[in-house]
Amino acid sequence: MSKAEILSRILTAEADAESSLKKATEKAQNIISKARSEAAVIISEARSSGQENALTIVDAAKTKAAKEADAVSTDGDEQIATIKNNSDSRRQDAVDVVLASFMAE
Numbered sequence: 257m258s259k260a261e262i263l264s265r266i267l268t269a270e271a272d273a274e275s276s277l278k279k280a281t282e283k284a285q286n287i288i289s290k291a292r293s294e295a296a297v298i299i300s301e302a303r304s305s306g307q308e309n310a311l312t313i314v315d316a317a318k319t320k321a322a323k324e325a326d327a328v329s330t331d332g333d334e335q336i337a338t339i340k341n342n343s344d345s346r347r348q349d350a351v352d353v354v355l356a357s358f359m360a361e
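Yeah, the sequence shown ends on 361 if you go by our numbering, and it's all consecutive.
And the structure:
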């Protein structure tokens, strides 16, 4: 093998190596781009899912709070009615006591 052939093979090998390196670099960049794109989709889906879960939790809490508020309101209304009924039944006694105290003076 002559020096010219050896030099030609070396140059060919270098060109092949450079081509392989360029292809590998492009492939790596494509893989990185695809991974970033997929990561962005995953992050977006996770945020969306998290927001949906948060809304579900908030809605459940609102419903529970509304039920508790209704129960407290109903209980309060019952207590008010009881107090009113008791006061109505004792009103005449109170009037009699007040009149008796005025009459005694």
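Every residue, glycine too, gets a C-beta built ideally from N, C-alpha and C.
Everything numeric in this text was worked out from a predicted model, so none of it was measured.
Are the C-beta of residue i and some C-beta of chain C separated by less than 7 Å?
i, result
"Ala337", "No chain C is part of this structure, which consists of one protein chain only."
Mind checking which residues open and close the alpha helix (DSSP H) that includes residue i?
i, result
"Ser258", "Neither: Ser258 is in no alpha helix (DSSP H) and is coded neither H nor E."
Note down, in chain order, each residue of its chain lying with its Cβ closer than 6 Å to the Cβ of residue i, except the 5 sequence neighbours on either side.
i, result
"Asn343", "Just to set this straight, residue 343 is Ser in the shown sequence, not Asn. Contacts found: none."
"Glu261", "none"
Among residues of its own chain, excluding the 5 on either side of residue i, which ones have a beta-carbon nearer than 7 Å to its beta-carbon?
i, result
"Ala271", "none"
"Ala356", "none"
Segments of 3+ residues assigned as beta strand (DSSP E) that fall wholly inside the stretch 262 to 344: DSSP runs (the beta strand (DSSP E)) wholly in the stretch 262 to 344: none.
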